[in-house]
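Numbered according to our numbering, the sequence shown spans residues 898 to 1168.
Where is the CB? At the ideal position from N, CA and C, for every residue including glycine.
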Amino acid sequence: MGPRAAARPILSLLLLLLLGAVVDAQPRGRILRGSEAQPHLRPYMASLQLGGQHVCGGFLIAQQWVLSAAHCTEQTNGEHFEVLLGAHSLSEPEPHKRLYRVKAQIAHPGSNIHNNRDDLLLLQLEEKAELNEHVQVLPFQREDRDVAADTVCDAAGWGTVTHSGQRPDRLQEVRRPVIDRELCNHRTRHDNTITAKMMCTDSRKKDTCKGDSGGPLVCNGVAEGVVSAGSRVCGNYKKPAIYTRIAPYAGWIDGVMASGDGDTDGDVAVR
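If you want it as structure tokens, here you go:
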């Protein structure tokens, strides 16, 4: 065997390794290395849709109210979302899956397109959701204190799952540890843009991303945060996932729901 022939297997192996590294280095736009959630074990999850297409996540916090992220409205041209509840698969028939029309959607007045501050959106359904085993309200945190670093929390969504933009039909989930705000604010990470009303989770290899925005970060059974920063490069440990903490906004949430048509007394999950 000549030297050129002997070198071919080595070159082929190197090429395969290089291609694998390139693919592995392109984690944009997906729940990176997450997994399919067990069907209907997150009965609070909502899909915010336009024209029958999933745009963002959200979650039921009262029978007639869904909480999501304000930046999800940036490309809606003033059109109201529709909200899908009771779903695991976005396309397949399921016993309690139902699409609700939205009566009002209220972004926090402090939210804007230039940063991640006050990135919350409340959606009032036209009617109260029918609660059952697949549709449930999720309690949110009202005590204004930080979640301890290294606490492992869950996030889920129907966001894109490949760098080419492929979307999953079934709900995906990922578990990530909370990281200290000081570390998240390091100049090599988010460079002092993370406020006391935000929190971060480690994004090394596993992460939330585009299309997961608005979904809850659940720690010990309670929604602590809302997925924000949907345009962030995902899966990069130098750009940790950013969430809006819910507890500092509990008063605003209660006020908006109380001012909406209909009485929400007894509908809100409190922890």
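- Contact check for CYS969 and LEU996: beta-carbon distance about 17 Å, past the 8 Å limit, so the pair fails to qualify.
- When beta bridges are read from the DSSP output, VAL1075 appears opposite THR1098.
- The beta carbon of ASP1015 lies closer than 6 Å to those of HIS1005, GLY1007, SER1008 in the same chain, with the five residues before and after it left out.
- Assignment of beta-bridge partners to ALA1001 by DSSP yields GLN1021.
- Pairing ARG998 with ALA959, the inter-Cα distance amounts to about 15 Å.
- Around the C-beta of HIS985, 16 or more other C-beta atoms lie within 10 Å, and the residue is accordingly described as buried.
- In this structure, CYS1106 keeps its C-beta atom at 8 Å or more from the C-beta atom of CYS1081.
- Between VAL1119 and PRO1036, the CB-CB gap stays under 8 Å.
- In this structure, ALA966 sits near CYS953, with a CB-CB distance shorter than 8 Å.
- When only Cα atoms are considered, ARG1142 and ASP1047 end up about 16 Å apart.
- Nearest in C-alpha terms to ASN1012, of all of GLN950, ALA1126, HIS1031, is ALA1126.
- At a Cβ-Cβ threshold of 8 Å, ASP1043 and ARG1073 do not count as neighbours.
- Take the alpha-carbon of ALA1138 and the one of GLU1027: they are about 33 Å apart.
- In the three-state reduction of the DSSP assignment, HIS937 falls in the coil class, being assigned neither a helical nor a strand state.
- Rounded to the nearest whole angstrom, the CA to CA distance from THR1085 to LYS1135 is 7 Å.
- For MET1095, the closest alpha carbon among the candidates VAL1075, PHE978, LEU1068 is that of VAL1075.
- In the three-state DSSP reduction, ILE1150 falls in the helix class (H, G or I).
- Assignment of SER1156 by DSSP, reduced to helix, strand and coil, places it in the helix class.
- In terms of Cβ geometry, ARG1067 and HIS951 do not form a close pair [threshold 8 Å].
- DSSP places PRO1065 outside both helix and strand once states are collapsed to three, so it counts as coil.
- DSSP, read as helix, strand or coil, puts ALA1138 in strand.
- Comparing alpha-carbon positions, the option among HIS1087, PHE978, LEU964 lying closest to GLY949 turns out to be PHE978.
- Check the Cα spacing between ASN1029 and each of TYR941, PRO1145, GLY1112: the tightest is with TYR941.
- In the three-state reduction of the DSSP assignment, CYS969 falls in the helix class, which pools H, G and I.
- A residue is called buried once 16 or more other Cβ atoms fall within 10 Å of its Cβ, and ALA1155, having fewer, is exposed.
- Between LEU1019 and ILE1003 the beta-carbon gap is near 5 Å, inside 8 Å, which marks them as a contact.
- If you draw a straight line from the Cα of ASN1133 to the Cα of LEU1114, it comes to about 19 Å.
- DSSP, reduced to helix, strand and coil, places LEU1028 outside both helices and strands of the structure shown, so it counts as coil.
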